[in-house]
Structure formats: structure tokens, C-alpha cells
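Trainee:
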Amino acid sequence: MSEPSIFTRILEGEIPSEIVAETENVFAIRDIAPRAPLHLLVIPKTAAYRNVVELAAGDPALLAEMVGLASSVAAEQGSTDFRLVFNTGPGAGQTVFHVHAHVLAGELDEESLRA
Ligand code: AMP
Numbered sequence: 016m017s018e019p020s021i022f023t024r025i026l027e028g029e030i031p032s033e034i035v036a037e038t039e040n041v042f043a044i045r046d047i048a049p050r051a052p053l054h055l056l057v058i059p060k061t062a063a064y065r066n067v068v069e070l071a072a073g074d075p076a077l078l079a080e081m082v083g084l085a086s087s088v089a090a091e092q093g094s095t096d097f098r099l100v101f102n103t104g105p106g107a108g109q110t111v112f113h114v115h116a117h118v119l120a121g122e123l124d125e126e127s128l129r130a
């Protein structure tokens, strides 16, 4: 067994973070290092999928649940328009291998999005 991911540890309350929204299978937190005025992470409660490609192949309904929560939580925070970013692989900046979507709204720190 590999170590629990940082997001599993947050979900289990081992690492402090406010869960700003959740559904049965998905939760949302604020990114600790925001790169836009609104920067949330939407994360499945299961750590079974390392990235969005695995998730889309393995459980497309769970991916749809993530997109739905991203949309509703962005709207709750005043942003009906937003970017949804799935960094996929270390070469694309992925650092946590428990699939998650970045929900970004407002002016981006474009520099930080460059590889
Ligand atoms: P990625 O680089 O796409 O894998 O995204 C991982 C994200 O997790 C980064 O944007 C980090 O800032 C964020 N992150 C890491 N640790 C925490 C934490 N304890 N609470 C909230 N966000 C975190």
C-alpha cells in the first residue's frame, strides 16, 4: 500500500483544511497556494484514480460529479465563469497523484501556469 495522498489526509481530518463544499463522492477545498482570486480544488473522495485520464476511463459518472460540484461551488463563490484545469503528469505540473481539478476564476497568475 502506498502512503495516503495529501487529499485523503485532508478528507480524514489529519491535515487541517476547510471543506467548502461536498457531494456524496466529491469534496472541494481552497488551494493553499492560490494562483487566481478564486482557486479551489475539486477532488474525488476515492484515491483510486491518479489522473483525469484514468478517471474518465474508470468512472465517467464520478468525473461528471466533479464537474457538477466545480460549477456549483464556483457559482456559490460568485463566479459562473471559470477554468477547470487537470494537470496530468509531472511534465504538466502534476504534483499530487490523486486526481483533482483546479477551479480558477478571476485574473490568473499566468506566469505560474507556464511549464
Ligand atoms: P497539482 O500540482 O496539479 O498536482 O496540484 C496540487 C495542488 O495542491 C497545488 O496547487 C497545491 O498548492 C495544492 N495543495 C498542496 N497541499 C495542499 C493543502 N494542504 N491544502 C490545499 N491545497 C494544497
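Using this note's numbering, you'd call the opening residue of the sequence shown number 16 and step up by one each time.
Where a beta carbon is used, it is the ideal one built from N, C-alpha and C, also for glycine.
How would you write the range of the beta strand (DSSP E) that ILE34 sits in, first residue to last?
Mentor: Start and end: 34 to 37.
Trainee: With three or more C-beta pairs closer than 8 Å as the rule, is the region 30 to 46 touching the region 82 to 96?
Mentor: Yes, since at least three Cβ pairs between the region 82 to 96 and the region 30 to 46 fall closer than 8 Å, the two stretches touch.
Trainee: In the DSSP assignment, the beta strand (DSSP E) including PRO59 goes from what residue to what residue?
Mentor: Segment 53 to 59, the beta strand (DSSP E) holding PRO59.
Trainee: Is any non-hydrogen atom of the ligand AMP found closer than 8 Å to the C-beta of GLY28, if you look at the structure I gave you?
Mentor: No - the ligand AMP has no heavy atom lying nearer than 8 Å to the Cβ of GLY28.
Trainee: Can you tell me the Cβ-Cβ gap for VAL133 and LEU119, rounded? I've got them flagged as a contact below 8 Å.
Mentor: Past the boundaries of the shown model lies residue 133; the chain is included only from 16 to 130, so the question cannot be answered.
Trainee: State the DSSP-derived secondary structure class of PHE112, mapped to helix, strand or coil.
Mentor: Of the three classes helix, strand and coil, the one that applies to PHE112 here is coil, per DSSP.
Trainee: Given this structure, state the Cα-to-Cα distance separating GLY73 from ARG65, to the nearest angstrom.
Mentor: Between GLY73 and ARG65, the C-alpha separation is close to 11 Å.
Trainee: Given a threshold of 16 other Cβ atoms within 10 Å of its Cβ, counted over all protein chains shown, does ILE30 qualify as buried or as exposed?
Mentor: Looking at its Cβ environment, which holds fewer than 16 other Cβ atoms inside 10 Å, ILE30 is exposed.
Trainee: Starting from ILE21, follow the alpha helix (DSSP H) in both directions and report where the run begins and ends.
Mentor: It spans 21 to 26 - the alpha helix (DSSP H) in which ILE21 sits, taken as one unbroken run.
Trainee: Taking 8 Å as the line, does the beta carbon of THR110 fall inside it for any heavy atom of the ligand AMP?
Mentor: Because some heavy atom of the ligand AMP lies under 8 Å away, the Cβ of THR110 counts as near it: yes.
Trainee: Output the distance between the C-alpha atoms of ARG24 and LEU70, rounded to the nearest integer angstrom.
Mentor: Distance between the alpha carbons of ARG24 and LEU70 is about 20 Å.
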